[in-house]
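Using the numbering used here, the first residue of the sequence shown is number 724, and each one after it goes up by one. Structure record follows, encoded as structure tokens.
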Amino acid sequence: MATPEQSVTERVEGPAQPPASSEPAPKLTFEAKNVSIWYGEKRAIENVSLNIASNAVTAIIGPSGCGKSTFLRALNRMHELVPKTRMEGTVLLHGEDLYSKSVDPAIVRRRIGMIFQKSNPFPTMTIGENVVVGLRLNGVRNQKFLNERLEKSLRM
């Protein structure tokens with residue numbers, strides 16, 4: 724455990740210990756255990772473990788190129804879309820192994836979305852079509868409902 728005198732850049736071995744509390748431990752949404760990802764021969768991240776609790780805000784911060792986006796892509800299996808990429812470790816969502824052979828990656832990606840720092844709309848669609856594309860991909864066909872959601876989204 725780091726002491727207040729240690730530099731924030733100094734690596735501390737071992738898991739951080741939360742302060743003792745009488746409250747029950749929060750339910751975990753994600754559990755990532757010893758996640759390592761390679762792009763070809765280049766290791767992008769090594770043995771990253773992180774628990775993300777339900778109904779909590781979690782920030783993943785660090786300098787450009789340190790593996791934040793790579794790690795987040797492991798949570799919804801998007802890195803698998805990049806050729807010559809491999810992952811080791813375990814990623815659980817509500818206790819279910821997202822990398823189990825019985826889990827369809829397309830379903831994982833539908834359930835776990837990402838919002839990118841730089842917007843990248845589909846070039847063949849209008850902005851309105853881009854706003855409601857997620858609803859359409861999930862089977863919503865009612866045009867009145869889509870128009871209402873579009874209007875509400877654009878007013879936010």
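Think of the CB as a built atom: it goes at the ideal place given N, C-alpha and C, for glycine as much as any other residue.
Here the region 782-799 makes contact with the region 830-840; the two share three or more CB pairs at distances below 8 Å. When rounded, the separation of the alpha-carbon atoms in residue 771 and residue 809 is 15 Å.
DSSP, reduced to helix, strand and coil, places residue 764 outside both helices and strands of the structure shown, so it counts as coil. Its chain contains 767 and 768 as the residues whose beta carbon lies nearer than 7 Å to that of residue 790, once the 5 sequence neighbours on both sides are disregarded; these appear in chain order. In terms of Cβ geometry, residue 831 and residue 821 form a close pair [threshold 8 Å]. A contact between stretches requires three or more CB pairs, one per stretch, nearer than 8 Å, and the region 776-794 fails this requirement with the region 854-863. If you draw a straight line from the Cα of residue 774 to the Cα of residue 864, it comes to about 37 Å. By alpha-carbon distance to residue 754, the top candidate from 764, 781, 765 and 851 is 781.
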